[in-house]
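Single-structure report; data block below.
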Amino acid sequence: MSMSPDEMAEALRHAFQQESQRVNEAAKRAVKKTAKETRKVVQEHFTFNNCTGKYAKALTVSTEYEDSFDIRQIVNFKKNKQYLLTHLLEYGHAMKRGGRTLPFKAKAYPHMIYGQEYAEEKLPENIRKEIEKSK
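What follows is the structure in structure tokens.
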């Protein structure tokens, strides 16, 4: 079987395109999986008294941007303006009596940082697993 250089180039281009598509699909699945896992990790680190549960329920995974080669998902607060509390809970805040030192400062309840660390650690691992699984 003989091929002309143009046919060979077209065959190689097609093979590379298929492989690129497979890897992109696997990476997108890994991003979606990691985002869902990250949401759970953040919720597990809620150490504060969440009486009404509104803060936990408002935490969502949303797709910020997606095209054929790229996807960006974020874990954030979409409902009930709960995102306004995140910085205050994460870092603490001054109390009505004033001051930023104890006992006049509200205790910090870090929780989002754990999700960030988890996502940074797990995403490359999940991408590798999804690519291997799709072979």
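Numbered per this note's numbering, the sequence shown spans residues 1 to 135. Glycine included, C-beta positions come from ideal geometry on N, C-alpha and C.
Can you find the residues in the same chain that come closer than 6 angstroms, C-beta to C-beta, to residue i, ignoring five residues on each side of it along the sequence?
i	result
residue 123	34
residue 67	none
residue 72	64, 65
residue 127	27, 30
residue 134	22, 26
Taking Cβ to Cβ, would you say residue i is nearer than 7 angstroms to residue j?
i	j	result
residue 56	residue 50	yes
residue 93	residue 106	yes
residue 115	residue 52	no
residue 23	residue 118	no
In chain order, what residues of the same chain lie with their CB nearer than 8 angstroms to the CB of residue i, ignoring the 5 residues before and after it?
i	result
residue 46	55, 56, 109, 111
residue 36	61
Where does the unbroken alpha helix (DSSP H) through residue i begin, and where does it stop?
i	result
residue 16	5 to 44
Less than 7 angstroms between C-beta atoms, sequence neighbours within five positions excluded: which residues of the same chain meet that for residue i?
i	result
residue 43	56, 59
- Message: Give the list of continuous beta strand (DSSP E) stretches no shorter than 3 residues that lie fully inside the stretch 48 to 111.
- Response: 59 to 66, 71 to 77
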